[in-house]
Structure formats: C-alpha cells, structure tokens
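Please read the structure below before turning to the comments.
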Amino acid sequence: MKDYLVIVESPAKAKTIERYLGKKYEVKASMGHIRDLPKSQMGVDTENNYNPKYITIRGKGDVLKELRKSAKKAKKIYLAADPDREGEAIAWHLAHILNVDENSECRVVFNEITKDAIKESFKHPRPIDLDLVDAQQARRILDRLVGYNISPLLWKKVKKGLSAGRVQSVAMKLIIDREKEIKNFKPEEYWSIDAQFLKEDTLFEGAFYGINGKKEELKSESDVNKIISKLDNTFTIDKVNKRERKRNPAQPFITSSLQQEAARKLNFRARKTMMVAQQLYEGIDLGRSAGGITGLITYMRTDSTRISDTAKNEAAEYIVKNYGQEYLGNTESKKKKEGVQDAHEAIRPTSVLRDPKSLKDILSRDQLRLYKLIWERFLSSQMAPAVMDTMTVHLLSNDIEFRATGSKIKFKGFMKVYIEGNDDNKTVEDKLLPELTEGMKVTSKEITPNQHFTQPPPRFTEARLVRSMEEMGIGRPSTYAPTLDTIQRRGYVTLDNKRFIPTELGTIVNDLLEEFFPEIIDVDFTVKMEDDLDSIEEGKNNWVSVIDGFYKDFHKRLEKAEQEMEKIEIKDEPAGIDCENCGHEMVYKMGRYGKFLACSNFPECRNTKPILKEIGVKCPKCKEGNVVERKSKKRRVFYGCDQFPECDFVSWDKPIARPCPKCESLLVEKKSKKGSQVQCTNCEYQEEIQS
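Numbering (numbering that gives the first Met the number 0), first residue to last: 0 to 690.
This is how it looks when you write it as structure tokens:
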C-alpha cells in the first residue's frame, strides 16, 4: 500500500514524478480540470454574489472514481498541479471533491520536473493559495458573463456559431483597426540620394544628410535636382567619429517572447509552440543511462525573467569552460517590470549541460528545434555583451553633407551563441569603411537619386500581435495562443501569407460590439480590468466587488442591445455561374475560412467549391487548365490545376509564367528566410528575384 497520493494534471508528468519520489508515493493524473461551469447554461448566480455552479466535467467520471479510490487508502494527499492560477484552481477543486482541508499543507509546486526540484518541493508543502484561486475564478466568471450573454445575442441577430470574449474581441479589433489604417493610408512621396565614393581603389557608400550641418528632407524630384546641381565631383572628409558600442543579450524567454521568436525563427504558430513546450516541460525519456524520463525545460507559462542562482552558476561554469572567461557576462538580476507576477523563473533548460547536440537522436524534430531555441537564448543571456566598432564619416561638397556609416564586430560575446530575431529578417553583418581621416579628399563615382513612398503599417503576424497585446497589457501569457486560435476558428480573421486579415463577418461583429458594448473592445478598459484581476491575486481586491463593478453597467447595455440591435442578414452574393450538379445558380457564402461557392438550391443540393485564385500560368501538365492557388487542410497555400481531378498537377512552389531559358521546363518561385529565387524544376538554372 502506498502512503501518499500525489495528484498532477497529466499522465506524462505523473510517470516522471512517481519515479523520482519512490515506492511510498502513488502519482495520479486528473487530466486537467475535474470541475467547471456547465456548458449548457450560464452557471453563475448574478443575484447571489455571482456564486458559481460547478459540476463534474463530462467524461471525467472514471478519472474521479479512480482518484477517490486512491484517496481513501492514502495517509496524506498532495496536490501538485502547475504553479500558476489555473493549477491552483485545479488543486482547490480537487481538495473540495476529495475532502482535503484547503488550509492544510497539501499543495506542492515546482518550476521544473527534475529529481532535485521535485524532492525539494515536497519538503515545503503549503496550504492552497485562495487569492490565486479567487483570481482564476474571477477571470472564469467574468469571461462566462461576457461570452454567455453576448454570444446568444450574436446568434440571434447575425448567425449561429459566433462568439464574443473579453480578450478575443479586443484582439480582433486590433486587427480590424490596422486594416482600416492600411485602407485609409495615403502614401507621401520622399526622395533619397545615395552615393558611391572612391578612396584610392576602394569603393564605399554614403547617403545625403543635409545642408550646413542641418538635416534636410527631400520631398520632390525638384528638391533632389537642386542638391545634385550644387555638388562637385570631389568631397572633403569633414568629420570622422569612431566609437565602441556595446550590444547586450536578450533576456531569457517568457511566454510571449518565446511565442514571438518561435514564430520568427521556426515558423511555429503560438498554439504549436505551447504544445511542444509542454512536452519538453513534462518530460522526455532520455534512456536509463541518462536518467529516464526527465523534464528538459522549466515551466513555460511565465512573465518573469528571473533565473535561480543554481542555474546562473551552472551556466557560468559552462560558458567559461566552452568559450572562455571573457565571454562570461554580468548576470546580476535586472529590475523586474511593473505588473510581473514573478511567481517562478523564466523559461530555461533544466540543465544547460544538456546541450541540443546530445539530444539530437532523442527528441522529435520540432522538440529539438524549440529546445535549441530555449537553450541558446538562456545561455546567451548569461554571456558578455557584443562589442561593435562603429565609424560615422561626414563628407562635404559646397556645404552639402553626405554621411557614410560602417561597423565591425570587434568581440562577438553572446552573438557567438544566439542573436534575437526580428520581424524584418535583418541580420547583423560587418559593413566596413576604408581608413578615412579628416581633411582627406575622395571622389564621388556615382550619385543616385531614389524616389520612395511612405508605406502603411504592416498587417499583424502572430508574433506582432502577441507583442502588441503584451505591450498594451491585454490578456496574460496563458491566453495569447487560445485567443489567436479562437478568432480564426470563428471566421473573424484569416491568415494570408502569415498575416491576419479581417473577414467581412469579423468586421460586422466588431461594428456591433463597438456600438452596443464599447467597453468590451476598448483597450484601456480591458487593461484596467486585467489590473483589477491581478489585484485579486495579490490579495488587494475582493473578486465579487470586481465582477460587480463590471456587471452592473454591462447588464444595462445588454438589455439595450436586446431591444435595439437590428437583425443583420448576410445575403448570398450571386457568383454568375450555374451549379454543374443541378443547374441552379451558385452563390458566395461566408464560412469559417472566409467566402466559398455553394449551390443556391441548398439543402436539396449540397455542392460547394472553394474560390480559386488564378495566377496567370497555364498548367504545365495537361496544357489546357490554368494553375490556381489552393489551400490544404492545414491552410497552407499550394498550387494545382483547375481541371482537378482530371489533371493532378500540384506544386508547393509558385509556378512562373515563362519557361526555363535553358531547357524550356517549368520555373517556380522558391521562398526562404534569405529571400526568393526563381528555379527550374528540371535543370540547375536559377535567378535572384529583385526586390
């Protein structure tokens, strides 16, 4: 008989922990939450202090039966769910169901699933933190009040299957507002002047700066011509500024920065990043000789960049041994940002000694890539800054100033291991200038005026949207991935070339919310609500008063919307073609992924078709059909013949409307992080695409 019962969320976690704790411990998995609000009704008594009605989740009966059976035999029960609000709530629900005193030392938390961390955590059990439980409960009830009141209204007034939410509706509004900015954007003309200078046999580049030491903007071609007309062929070096610049490493990952960097460098969606990170956290079987099932990273839902002294010391030893003392950085803890809970550490490897190469044959491809990203980011965060030698040269011709800049990496520091990505895929490179001194004369070899137009703000990628939500204080680390997933599943937005575009349906819903529930999609209101919810967690606020402060006004708006919101009929738009099955007219309908073609004789005829986008290329296989853009089940773009299934031509790469100049075969456009290339599908011919 086992003396102690330990309850965690997942079976993988249970196996790992049971092996560490030994024979006296039985470790069971609750498979997440055991109780929740009912799906079929509101489940919140708004007349009685917002009292929640919790029920056992459907399908959890057998799990609960097993837990009760084990609980009766155990001398003591430990509740070891994840170390966050959600985990604390799971522990609280289990305590109620299994008759465990919530004030007893029944709660065990750990930031990493390693033998030492588990053993140490069981030396320090504590009571359930009711402030954390109240914070989770308040969020759950608030989301239920919003979702279960507005969603049925949208079903009645617009169409079934829609939803609104406290965080998802604000995220949707950010995307829609950005789209409006892009559509209303009026480009403005501006010019630049680039120059190539010759110093002896060495060419270097510079650009126009201004006149008489004052920066000037060039707004038209006439402005440019005035400048060029005053230039001589010879320029004098007026100033040479040389300085040493340090570049500090990025801090170790928190949830949001991990999602952003995985999107940039690994092309992972936020949901996938969290799924793979969960696997690494819960434990991977490294083989008996390497310790069996072991958690490889610390807990992945965190907004803290704090690192334990043990991890810092281990990293310091590794850096000195593998790179040298000069690569070791100053690892003093930085001041934490306001509002950061700091309950546990940043996301890091549980042991930096377990380098990615040693796990190459053990982890799956996705697991290895994400682990490598986390390992390199953490190690680099403990390393010395990179040192750059920079040089700025001021060149004069008749008081007209050009400037040339150059830089050289003097000491790589952390860049030897890792460089943070960016949304523009820019890389750090040496840009060298020749040795130049004040008073020296150089010749302008080529002066090139360039016309430009200001560009609208870019559409949101997942990484950009997560970053914006984090910066504004909308949602919390655990909510980003499910929020992005929800607005796509509801058909409010689509992803095109990895960028969010609002659908007609999303715009309609947003307009209704803006008219009748402006606070739900107001960024400032949402941020204040997040702060109020956090204050519950800190024990500074009562959860009932926070909910009540919101619900009183919300309920009035709801009653007004019920009476005044007009029913919106999304009419089917005629497509101008007939159904090949029954002869009735085909129409455009709005679906989960945007518009599609369907027969107007529905439900008698259920013929549907995707809307195909032609790319202006004849099918290279059947020579009769046209190549069209299609999407796979996972929404990945590919290209195929519009005569499918008669013709089965298919290509992941975009075909080009001209043959290979060498062998007359099909040319395709291949995309990579470095840019795009045109390549032949038959021979070695290739060419760069000029941007």
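C-beta atoms are modelled at their ideal positions from N, C-alpha and C, and glycine is treated no differently.
Fair warning: this is a prediction, and the values are worked out from it, not measured in the lab.
- Within the model, the alpha-carbon separation for ASP83 versus ARG300 is close to 8 Å.
- If you look at GLU628, you'll find it in the beta strand (DSSP E) that goes 625-630.
- Beta-bridge pairing by DSSP links LYS407 to ASP388.
- Where GLN685 is concerned, the enclosing beta strand (DSSP E) starts and stops at 685-687.
- Three or more Cβ pairs drawn from the region 439-455 and the region 180-194 lie within less than 8 Å of each other, which places the two stretches in contact.
- Going by C-alpha positions, ALA262 is about 33 Å away from ASP115.
- Taking 9 Å as the cut-off, the beta carbon of LEU394 is found closer than this to the beta carbon of ALA403.
- Under the three-state reduction of DSSP output, ASP495 falls in the strand class.
- Counting along the chain, GLU572 sits inside no alpha helix (DSSP H); it lies in the beta strand (DSSP E) bounded by residues 572-577.
- Within the model, the alpha-carbon separation for GLY31 versus GLY60 is close to 13 Å.
- By the C-beta density criterion, ILE610 is exposed, having fewer than 16 other C-beta atoms within 10 angstroms.
- Given a length threshold of 4 residues, each whole run of the alpha helix (DSSP H) inside the region 424-504 is given here in chain order: 461-471, 479-488.
- In this structure, the CA atom of PRO457 is about 13 Å from the CA atom of ASN183.
- Taking C-beta atoms under 8 Å as the contact rule, GLY624 and CYS640 qualify, at a distance of about 4 Å.
- A direct Cα-Cα distance of roughly 39 Å separates LYS320 from SER467.
- By DSSP's assignment, HIS393 forms a beta bridge with LYS238, ARG402.
- Under DSSP, the beta-bridge partners assigned to TYR587 are GLU572, LEU596.
- Its Cα nearest to that of GLU199, the residue PRO433 stands out among PRO573, GLU437, GLU461, PRO433.
- Within the same chain, ALA261 come within 6 Å of PHE267 by CB-CB distance, once the 5 residues on both sides are set aside.
- For GLY405, the closest alpha carbon among the candidates ILE399, MET390, LEU144, MET414 is that of MET390.
- The beta strand (DSSP E) runs lying completely inside the region 58-85 and spanning 3 residues or more are 75-78, given in chain order.
- Spatial neighbours of LEU161 in its own chain (CB-CB distance under 7 Å, excluding positions within 5 residues in sequence) are listed in chain order as SER150, LEU153, TRP154, ARG489, VAL508.
- Residue pairing by DSSP places GLN676 opposite LYS669, GLU687 in a beta bridge.
- Residue state for MET564 is assigned as coil, using DSSP reduced to three classes.
- Nearest Cα to LEU369 within the set SER380, GLN278, ILE318: GLN278.
- If you draw a straight line from the Cα of SER380 to the Cα of PHE413, it is about 7 Å long.
- Spatial neighbours of SER631 in its own chain (CB-CB distance under 8 Å, excluding positions within 5 residues in sequence) are listed in chain order as PHE637.
- Counting along the chain, the unbroken alpha helix (DSSP H) around LYS320 starts and ends at 308-321.
- In the structure shown, ASN48 adopts coil according to DSSP, grouped into three states.
- Cα atoms of ARG246 and LYS23: separation of roughly 52 Å, rounded to the nearest angstrom.
- Assignment of LEU532 by DSSP, reduced to helix, strand and coil, places it in the helix class.
- For TYR280, no beta strand (DSSP E) segment is defined; the enclosing uninterrupted segment is the alpha helix (DSSP H) at 269-281.
- Going by DSSP, LEU611 is part of no beta strand (DSSP E) at all; its letter is neither H nor E.
- With a beta-carbon spacing of about 7 Å, THR15 and GLY294 fall inside the 8 Å limit used to define contacts.
- Our two residues, LEU378 and GLU419, have alpha carbons roughly 13 Å apart in a direct line.
- Burial state of HIS554 is exposed, judged by a 10 Å Cβ sphere holding fewer than 16 other Cβ atoms.
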